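Colleague: Counting with mature numbering (1 follows the signal peptide of the UniProt record, and there is no 0), you get residues -21 to -1, 1 to 255 for the letters of the sequence shown. Every residue gets a Cβ at the ideal spot worked out from N, C-alpha and C, and that includes glycine. Note that the structure is predicted; figures quoted are calculated from it, not measured.
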Amino acid sequence: MKTTFTDLFLILGVLILCSDTARPLLSHNDDVSLTEDEEEPYFDGSPPSNVSALIDNTAFLTCIVKNLGKAKTVTWLRHRDVHILTVGEYTYTTDERFSAKHNVDTNEWVLVIKYVQERDAGIYECQIPSHVPRSYPINLNIVVPHVRIQGSPDIHVDQGSVINITCIISYTPEPPSYVFWYHGDRVVAYDTAKGRIVVSHSQTGRETRSYLVIHNAGPQDSGNYTCKPSLSRAAHIKVHVLESEFPDALLDTSGSIRSQYTNILSLLIVVVLYRP
């Protein structure tokens, strides 16, 4: 079969037409590729990358992921041991303090850590699936308030004297909302009416002081005392009330015991002076 010039022109025309048709298809594919790149999930950088939580309380670490899509999910892992904690809202660790929450409306993925301890401090990563692995690191700081009772762990007081205990709470992000005092396992019953047992507080900067004052101490006041502020650990002290040989005399405010000693002394002087 011979190829004529007419056939050559027809073949050339078809090739040109195919070439022109292919150009917009390649361009369209390029556009689709760009759109897919633009729709890759990414992090909203508005959540804080440093979070502080009080010890024994709950920490919330938040990352916001945009364009995640329904088929993709978020993974939380602990940086120090590269331990996967949660995938989606499923918890992978055996530590039941960890869980993940997802807010569909705000695109927030929150790692929740209950009853945080000092060992929980460190970096946690919120990871999203993409062609290039992406993560949003958050550093968790554990705040440990300092609670102590001024003086030695044991105090000794005489019967009938005053017990004065000072509890100092410092390094707290905010003042404690309350401070409870315990005698043994019972809350100290404040006696503001009679004034025998009084509790007062003072605040200076980030330091809070609580004062427990017990007047006219007796044997029943001996024992362990505990200062327990809100959102903080407790401090302890042991009180020893030393019984007097003359307990009634210590409770006598009329001076009769002094009169008795004066009378005895006078009698001795008379005996000595008039001794034959």
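According to DSSP, residue 286 sits in a beta bridge with which residue or residues?
Modeller: Coverage of the chain is limited to positions -21 through 255, which leaves residue 286 absent and any answer about it impossible.
Colleague: For Trp55 and Arg188, I'd like the C-alpha separation in whole angstroms.
Modeller: Rounded to whole angstroms, Trp55 to Arg188 spans 41 Å at the Cα level.
Colleague: Quick check on His162: buried or exposed, where buried means 16 or more other Cβ atoms within 10 Å of its Cβ?
Modeller: So His162 counts as buried.
Colleague: Could you check what DSSP says for Asp99 in three-state terms: helix, strand or coil?
Modeller: The answer is helix: DSSP assigns Asp99 an H, G or I state.
Colleague: Roughly how many angstroms lie between the CA atoms of Phe77 and Pro112, to the nearest whole one?
Modeller: Answer to the nearest angstrom: the Cα atoms are 23 Å apart.
Colleague: Report all residues from its chain with a CB closer than 6 Å to the CB of Val123; omit the five preceding and five following residues, and keep chain order.
Modeller: Here the set comprises Ile34.
Colleague: Return the residue from the list Lys51, Ser223, Thr41 that minimises the CA-CA distance to Gly24.
Modeller: The option with the nearest alpha carbon to Gly24 is Thr41.
Colleague: In the DSSP assignment, find the unbroken beta strand (DSSP E) run with Ser31 in it and report its ends.
Modeller: 29 to 33 is the span of the beta strand (DSSP E), which, as asked, contains Ser31.
Colleague: Assign Gln106 to one of three DSSP states: helix, strand, or coil.
Modeller: The answer is strand: DSSP assigns Gln106 an E or B state.
Colleague: Let's test the definition: count the other Cβ atoms within 10 Å of the Cβ of Asp182 and tell me whether it reaches 16, buried, or not, exposed.
Modeller: Note that residue 182 corresponds to Gln in the displayed sequence, not to Asp. Gln182 should be labelled exposed.
Colleague: Who are the Cβ neighbours of Asp133 in its own chain at under 6 Å, not counting the five residues just before and after it?
Modeller: Contacts found: Lys217.
Colleague: Going by beta carbon distance, what residues of the same chain come within less than 6 Å of His180, once the five residues before and after it are set aside?
Modeller: The answer, listed in chain order, is Ser189.
Colleague: So does the region 137 to 152 actually touch the region 44 to 52, counting three or more Cβ pairs closer than 8 Å?
Modeller: Flag = no, the region 137 to 152 and the region 44 to 52 do not touch.
Colleague: Assign Thr(-1) to one of three DSSP states: helix, strand, or coil.
Modeller: Confidence is the limiting factor: at Thr(-1) the pLDDT is only 37, short of 50, which leaves the residue's position unreliable and the question unanswerable from this model.
Colleague: Which same chain residues end up closer than 8 Å to Val136 when comparing Cβ atoms and leaving out the 5 residues on each side of it in sequence?
Modeller: So the qualifying residues of the chain are Ile142, Ala196, Val218, His219, Val220, Leu221.
Colleague: Starting from the Cα of His194, find the closest Cα among Ala213, Lys207, Ile148, Ile144 and give me that residue.
Modeller: Closest by alpha carbon: Ile144.
Colleague: Apply the 10 Å Cβ neighbour rule to Ser28 and answer buried if 16 or more other Cβ atoms are within range, or exposed otherwise.
Modeller: The residue in question, Ser28, is exposed, as its Cβ has fewer than 16 Cβ neighbours within 10 Å.
Colleague: Is the distance from the Cβ of Phe39 to the Cβ of Val89 below 8 Å?
Modeller: Yes. Within cutoff.
Colleague: If I'm right that Val158 touches Pro208 with Cβ under 8 Å, what's the distance once you round it to whole angstroms?
Modeller: That pair is a contact at about 5 Å.
Colleague: Roughly how many angstroms lie between the CA atoms of Ala79 and Ile43, to the nearest whole one?
Modeller: Straight-line Cα distance between these residues: approximately 13 Å.
Colleague: Taking only the alpha-carbon atoms, compute the straight-line gap between His58 and Pro152 and give it to the nearest angstrom.
Modeller: Whole-angstrom Cα-Cα distance: 26 Å.
Colleague: Can you list, in chain order, the residues of its chain with a C-beta nearer than 7 Å to that of Cys206? Leave out the 5 residues immediately preceding and following it.
Modeller: Once the five neighbours on either side are set aside, the close Cβ partners of Cys206 are Val126, Ile128, Cys146, Val158, Trp160, Ser189, Ala213, Ala214.
Colleague: Taking its Cβ as the centre, do 16 or more other Cβ atoms sit within 10 Å of Ile63, making it buried, or is it exposed?
Modeller: Exposed: under 16 other Cβ atoms inside 10 Å.
Colleague: Could you tell me whether the Cβ atoms of Ser149 and Arg185 are closer together than 8 Å?
Modeller: In contact: Ser149 and Arg185 (Cβ atoms closer than 8 Å).
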